[in-house]
Amino acid sequence: MRRFLLFLLCALLGLLAVLLVNTLRLPNHQLAPVPAAPAVAVSPDSAVAHLAGALRFATVSRTLYSETDTLPFGQLQAYLRRTFPLVHQQLKLQKVNRYGLLYEWPGTDPTLKPLLLLAHQDVVPVLPGTDSQWTRPPFAGQQAGGYLYGRGALDDKLNVVGQLEAVEALLRAGFRPRRTVLLAFGHDEETQGRRGAAALAAVLQKQHPQLELVLDEGGLVKADGVAGLTRPVALVGVSEKGYLSLELSATGQGGHSSMPPALTSVGRVAAAVARLEAQPFPARLDGGVSGLLDYLASAVPFGKRLVFANQWLFGSLIKNSLAATPSGNAALRTTTAPTIFRGGDKDNVLPIGPQPPSTFACCPATRSARLFAA
Ligand SMILES: [Zn+2]
């Protein structure tokens, strides 16, 4: 018995030693900040006004492109021409599929590979019936209490206008980049980007097959709450999830609801949904999430660092705690979500089947990225 206890103690001490060594050997990935570039004079008031102006064009993407009202896109582009005259005088502008924009600011050194900045002009629709829930109208570009309100204020006209604002200010100051700078703004990002981003990518592949760096929207500086940190964490997305929509349908006997069969068509689809929800895809800690923990490790208290540095042992613990929140869960696995559920249309009649559609759409719709903290 004593021997066994001694063995257990040695094993525990050995394990502790391994955990500690892993923790102490974990490299610190935090970068030393490079000196900031000299500031260029941009008037904050006019920059905000420029963005507010852009929010007033309802450049809404519709799932069916043929249903998209393209007029606001033309109006937005006319507005950008008026607002950023130097950009439009001095940069080369190509229109791709009419509304996709590709600006080229040639660098002084043509041997350097270009820098590509991306953004998109379109926004998602306002859900019908939710107008009264908006504290400010979605397309008014109103400012209040130090905030600017409107569809696209963050996603993603902020980037369109911000990039043009910066280039306009640099042109005004007489700056010329050494490296060619490309700006590409799609117009259907919210509905898969086939006409915008994909077409722009094809043009870029021909004209600039080699790029030094591509920067797109995504990621954010989260003020707190990442791994319990109170310090801001800059989350850099390095990949994006795709998604798949599936439709489940069941056909059943119609009839009066007073004499239903043992299993109705609604019940069958509901059972399938319940099974999907009960069996989520497996959680994985490898790749981006594991990388995020490595990057955060040097900033968290020692106990947590020990856990992050020993994912081989604490993997399930980390997975369980991440899975407890929807965003953490989405970082761990392919998610599934029922989004549209349709059955009959009369409360005392059994629906027959997908005519009218008894459908269920299921899609891992969460767009999330592999995240690294910088
Ligand atoms: Zn976006």
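Take the sequence shown: its letter number 291 is residue 308 in my numbering, and every next letter is one higher.
For every residue, glycine included, the Cβ atom is placed at its ideal position computed from N, Cα and C.
Predicted, not measured: the structure shown is a model, and the values here were computed from it.
- By the rule of a C-beta closer than 6 Å to any heavy atom of ligand 1, the residues picked out are His137, Asp172, Asp173, Glu206 and Glu234.
- Look at Pro343 here: in three-state DSSP terms it is helix.
- By the Cβ rule, the stretch 93-113 counts as touching the stretch 69-77, because three or more pairs are nearer than 8 Å.
- Shown here, Leu144 sits in coil according to DSSP, grouped into three states, outside any helix or strand.
- Restricting attention to Leu135, Ala69 and Ala354, the CA atom closest to the CA of Leu228 is found in Leu135.
- When the alpha-carbon of Ala54 is set against those of Leu32, Leu187, Leu88 and Lys321, the nearest one is in Leu187.
- Taking the C-beta atoms as reference points, Val283 is found nearer than 9 Å to Ala267.
- In this structure, Asp86 is the residue among Thr247, Asp86 and Leu43 with its C-alpha nearest to the C-alpha of Val140.
- For Ala347 and Ala340, the gap between their C-alpha atoms comes out near 8 Å.
- The beta carbon of Leu171 sits closer than 6 Å to none of the beta carbons in its chain outside the five residues before and after it.
- Counting only runs of 4 or more residues that sit fully inside the stretch 225-271, no alpha helix (DSSP H) segment turns up.
- Around the CB of Ile357, fewer than 16 other CB atoms lie within 10 Å, so the residue is classed as exposed.
- Within the stretch 68-135, the runs of beta strand (DSSP E) at least 3 residues long that lie entirely inside it are, in chain order, 109-113 and 117-122.
- No Cβ-Cβ contact shorter than 9 Å links Lys130 with Leu119.
- Spatial neighbours of Arg350 in its own chain (CB-CB distance under 7 Å, excluding positions within 5 residues in sequence) are listed in chain order as Pro297, Phe298, Pro299, Ala300 and Arg301.
- Its Cα nearest to that of Thr247, the residue Lys239 stands out among Val324, Lys239 and Arg99.
- The continuous beta strand (DSSP E) containing Phe202 extends over residues Val198 to Gly203.
- The beta carbon of Gln209 sits closer than 7 Å to no other beta carbon from its chain once the five residues preceding and following it are set aside.
- C-alpha of Val198 to C-alpha of Gly146: approximately 42 Å in a straight line.
- Where Phe298 is concerned, there is no enclosing beta strand (DSSP E), because DSSP gives it neither an H nor an E.
- Its chain contains Pro194, Arg195, Arg196 and Thr197 as the residues whose beta carbon lies nearer than 6 Å to that of Gly124, once the 5 sequence neighbours on both sides are disregarded; these appear in chain order.
- Under the three-pair Cβ rule at 8 Å, the stretch 269-278 does not count as touching the stretch 309-323.
- In chain order, Leu97, Phe101 and Val104 place their CB closer than 7 Å to the CB of Leu181, counting only its own chain and leaving out the 5 sequence neighbours on each side.
- Partner residues in a beta bridge of Leu36, as assigned by DSSP, do not exist.
- In this structure, the beta-carbon distance from Leu237 to Ala251 falls below 9 Å.
- CA-CA distance, Ala287 to Lys174, rounds to 40 Å.
- Bounds of any alpha helix (DSSP H) do not take in Phe358; it lies within the beta strand (DSSP E) bounded by Pro355 to Phe358.
- DSSP, reduced to helix, strand and coil, places Leu217 within a helical segment of the structure shown.
- For Glu185, the uninterrupted alpha helix (DSSP H) run begins and ends at Lys174 to Arg189, by DSSP.
- In the displayed model, Leu48 falls within coil according to three-state DSSP, outside both helix and strand.
- Counting along the chain, no alpha helix (DSSP H) covers Leu280, and no H or E run does either.
- When DSSP states are grouped into helix, strand and coil, Val317 belongs to the coil group.
- Cα atoms of Gln222 and Trp122: separation of roughly 17 Å, rounded to the nearest angstrom.
- Residue Val57 holds the alpha-carbon nearest to the alpha-carbon of Ala190 among Arg285, Tyr116 and Val57.
- When DSSP reads this structure, Gln150 sits in no beta bridge, so it has no partner.
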